[in-house]
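S.K.:
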Amino acid sequence: MNGLKRILLVEDDPKDVELTLTGLGEYNLANEVVVVRDGEEALDFLFRRGQYQKRPNGNPAVMLLDLKLPKVNGFEVLEAIRADEKLKMVPVVVLTSSNEERDLVRSYKLGVNAYVTKPVDFHEFVNAVKELGVFWAVINEPPPGSVKRT
Amino acid sequence: MKTPGQVWERAVTARVSKGAIARYGFAVASVAVAVAAGYLLNYLGLDETVFAVFMFAIAATSWFSGSLPAIVAFVLSALSFNFFFTPPPYRVDFTRTDFAYSSAFLVFAGLAIASDTMRRRAEAAVRQSRDELELRVIERTAELKASEEILRERANLLDLTHDTIFVRRMDNVITYWNRGANELYGWSSHEALGRPSHALLHTEFSEALEQINAKLFQTNRWEGELVHATRDGRRLVVSSRWSLQRNERGEPFAILETNTDITERKRAEEALRESRDELEVKVKERTAQLSKANEELQSVNKELEAFAYSVSHDLRAPVRHIAGFGELLQKHARDALDESSRRHLGLILDSANRMGTLVDDLLAFSRIGRAETQRTTVNVERLVRSVVADNAPDAQNRNIEWQIGELPICQGDPSMLRLVVSNLVSNALKFTRTREPARIEIGSLKHRPEEVVFFVKDNGVGFDMKYKDKLFGVFQRLHSQEAFEGTGIGLATVQRIVHGHAGRVWAEGAIDQGAIFYVALPATKGRL
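Chains as they are written, first to last, in my numbering: chain W, 1 to 150; chain X, 1001 to 1528.
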């Protein structure tokens, strides 16, 4: 079920998942998304362990990361992958409800590549997600070891 | 006591020595008396004694009148004796016997004169030495008087001092007591002299007497505090200085004690210490209260922060979902819905968006108090022009007369002050929406040197002055949502920022007469 996909979406709220996929769907990127529901699952996926032990090799071209997550939160995920030699180059975009400055500062300190606050307005939200997907999954040249565009 | 002889001698001497005439007269007179006495003795048949009478006259003259009158008396005696009493009578006729008599006279006169001269010399010597002695006695008396004077002066000086000075022997018996001691202790010098001082004054020592004495004998000095009692039983604290006096052999024989009454000073010190202690206790209590309040405040603040954080994360999500899925519904089911349902869906979306704005505004407002502020020089005029430019889209298709005057430069946080200006300008734009033309004036007042004041004035719908205090409250609105949309947080934000800059904000206005909002900021460094 988890083939090679370029976008890893880490989001615990199914409604946000749906809205995000709606946004990405506008550019037909919805099929490029793997969704995980918490930080632990995200790390399992990235480190190919647990249920993702047998997934094919290759890092996502971008990870869309929520901060407030069950079990392992977004900061901890970020910390773990930045400490790993193979994963440290994976582009990470924080996609969160919060526009608290301390979250922003902490994220950048941990080496995030972009920080996006989910707009309340649906059109703004869809636009934001769409543009993110296009930029990171289509326009941007990902680091070596990432899943290539098919 | 003088003997009668001396008195007589003095009297005669005084008279005789008055002059040469008297002295030589005495010589002639004594010879004449001798002649008369010779006749009397002859008549009585005592011829042999006449010679002795003349001897006596010579001796007397020598004694009383001196050497030269004695020689005159000798010559006269020799002649008179020859003339009156040796044969032939009444004739001066020197025979061999006469010569013998004369020689005897001469020898006798010489002896008398010599002895008298010696006597006089002795007398003069005695007189001189007596005079010298007298002089020395006078001198010594004067010296003694002078030194007595000095001593008295010194004693007076010791009496003049306010310090209490007394001297006591090694057995503690008082031998000197000055007026200061009298005044301090109430004991007169008469009463104190001869009494042991420690008993008289009920001395309480601050350290053991043995220690005091050890120090005194080692260094000849001791200083410390003592407690003494006065005659009427008052207790005094004195600062006491003892000096040990030693004789030529180095043996101690007296102690000079100088005392200063420091009872009042001690009492004042004690009072001071007590009040300081009290103050310290109060300060501690107050500090404890404050730190407790501070702790409470901090915990409240933390809770508030956690609340805001959670609002930021969790409250926005459902609003976003309502808006998001509402939009999707509207997009996909628009044609399936009837008119009234479409209106309801529109209202839901409207409310969701408004809720989103409200949450964001509220979060921004709560952040003002928590955010780190910086302070730099802010050019208010540049800020205003930039804000006006930002609001250009809202001003499109409207007839607005902007009037931007000279604006001050102040100290503050640029992004915060931008929020202030931005809120005031967008309010002015909003509430002049019904005006044709709308007039918005931004200017400054120069009424006081210690603060800069700028204002935003419009000709909009204004407000009732009786609600002027409600203007700046959170969620306070003076207009219906239909007339003028808004969350009621803008002016609260303005006030919070201005207060954070140690400034003031106030408004004037009247219904349909426009409004004017003033912001006063400290001219130099206000606390942020």
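Virtual Cβ for every residue (Gly too), placed ideally from N, Cα, C. Everything numeric in this text was worked out from a predicted model, so none of it was measured.
(1) Since G58 (chain W) contacts V126 (chain W) with CB under 8 Å, what's their CB separation in whole angstroms?
(2) Along the chain, where does the alpha helix (DSSP H) containing H1321 (chain X) start, and where does it finish?
(3) Would you list, in sequence order, the uninterrupted beta strand (DSSP E) runs of no fewer than 3 residues that lie entirely inside the segment 90–130 of chain W?
(4) Using alpha carbons as the reference points, say which of X:E1251, X:T1203, X:R1249, X:N1220 lies closest to Q1229 (chain X).
(5) What are the boundary residues of the alpha helix (DSSP H) that Y1309 (chain X) is part of?
(6) In its own chain, which residues sit with a C-beta less than 8 Å from the C-beta of A1014 (chain X), not counting the 5 before and 5 after it?
(7) Beta carbon of D1232 (chain X), beta carbon of L1184 (chain X): below 8 Å?
(8) Thinking P1414 (chain X) and V1380 (chain X) are a contact (beta carbons under 8 Å), I'd like their distance in whole angstroms, please.
(9) Heavy atom of the ligand HEM less than 7 Å from the Cβ of R1342 (chain X), yes or no?
(10) Count the other C-beta atoms from every protein chain shown that fall within 10 angstroms of the C-beta of H1332 (chain X), then say buried if there are 16 or more, exposed otherwise.
(11) Residues of chain X with CB under 7 Å from V10 (chain W), in chain order?
(12) Using the Cβ count rule (16 or more neighbours within 10 Å means buried), how would you classify R1168 (chain X)?
(13) With S1102 (chain X) as the anchor, note down where its alpha helix (DSSP H) starts and where it stops.
(14) Provide the residue span of the beta strand (DSSP E) that contains P1449 (chain X), from first to last.
(15) Keeping to the same chain, check which residues put their C-beta closer than 6 Å to that of K148 (chain W); ignore five residues upstream and five downstream.
(16) Could you list which residues in chain X have their beta carbon closer than 9 Å to that of D38 (chain W), in chain order?
(17) Please name the residue, chosen from W:E32, W:S146, W:L87, that lies closest to D44 (chain W) on a Cα-to-Cα basis.
(18) Could you pull the start and end residues of the beta strand (DSSP E) that I1174 (chain X) belongs to?
(19) Taking Cβ-Cβ distances below 8 Å as the criterion, which residues of the segment 1312–1339 of chain X are in contact with chain W?
(20) Nearest by alpha-carbon distance to I1165 (chain X): which of X:S1188, X:I1150, X:K1145 is it?
(21) Which residue comes first and which comes last in the alpha helix (DSSP H) that contains I1071 (chain X)?
(22) Interface residues of chain X around L156 (chain W) at Cβ under 9 Å?
(23) Does K71 (chain W) get closer than 8 Å to chain X when you measure Cβ to Cβ?
(24) State buried or exposed for Y1043 (chain X), treating a residue as buried only when at least 16 other CB atoms are found within 10 Å of its CB.
(25) Compare the C-beta of E100 (chain W) with all C-beta atoms of chain X and state if any pair is closer than 8 Å.
(26) Between which two residues does the beta strand (DSSP E) harbouring V1498 (chain X) extend?
(27) My guess is that S1426 (chain X) and N1391 (chain X) are in contact by the Cβ rule of under 8 Å, so how many angstroms apart are they, rounded?
(28) With the cut-off set at 8 Å, would you say L1158 (chain X) and N1172 (chain X) are in Cβ contact?
(29) Suppose you measure from the CA of G1346 (chain X) to the CA of Q1411 (chain X); what does that come to, to the nearest Å?
(30) From the DSSP output, read off the bridge partner residues of L9 (chain W).
(31) Using a Cβ cut-off of 9 Å, pull out every chain X residue sitting near F45 (chain W), in sequence order please.
(32) Beta strand (DSSP E) containing R1023 (chain X): first to last residue?
(33) Just reading off the alpha helix (DSSP H) that S1426 (chain X) is part of, what are its end residues?
(34) Flag G1500 (chain X) as yes if its beta-carbon sits less than 8 Å from any beta-carbon of chain W, otherwise no.
(35) If the cut is a Cβ gap below 9 Å, which residues of chain W does G1356 (chain X) touch?
(36) Starting from N1353 (chain X), follow its DSSP beta bridges and name the residues at the other end.
M.R.: This is what the structure gives:
(1) The Cβ separation is near 28 Å, so there is no contact.
(2) 1316–1333
(3) 92–96, 114–117
(4) Here residue 1229 (chain X) turns out to be Ala, not Gln, going by the sequence shown. For the residues X:E1251, X:T1203, X:R1249, X:N1220, the minimum Cα distance to A1229 (chain X) belongs to X:T1203.
(5) 1263–1310
(6) Legend: pLDDT at A1014 (chain X) = 49, less than 50; position of this residue unreliable, value from coordinates given subsequently. Taken in chain order, the list of residues that qualify is empty.
(7) no
(8) No, P1414 (chain X) and V1380 (chain X) are not in contact; Cβ-Cβ is about 10 Å, not under 8 Å.
(9) Among the ligands in the structure shown, none appear at all, so the ligand HEM cannot be discussed.
(10) exposed
(11) Simply none; closest approach about 15 Å.
(12) buried
(13) 1096–1160
(14) No beta strand (DSSP E) holds P1449 (chain X); DSSP gives it neither H nor E.
(15) none
(16) Residues of chain X passing the Cβ test: none, with the nearest at roughly 15 Å.
(17) W:L87
(18) 1174–1177
(19) S1312, H1313, D1314, R1316, A1317, V1319, R1320, H1321, A1323, G1324, F1325, G1326, E1327, L1328
(20) X:S1188
(21) 1067–1080
(22) Given that chain W is displayed from residue 1 to residue 150, the structure contains no residue 156 (chain W) and the question cannot be resolved.
(23) no
(24) exposed
(25) yes
(26) Not the beta strand (DSSP E): V1498 (chain X) falls in the alpha helix (DSSP H), residues 1490–1500.
(27) 6 Å
(28) no
(29) 46 Å
(30) W:V35, W:L64
(31) Under the 9 Å cutoff, chain X gives no residues; its nearest Cβ is about 23 Å from F45 (chain W).
(32) R1023 (chain X) -> not in any beta strand (DSSP E); alpha helix (DSSP H) instead, spanning 1020–1044.
(33) 1414–1431
(34) no
(35) P119, V120, D121
(36) N1353 (chain X) pairs with nothing; no bridge assigned.
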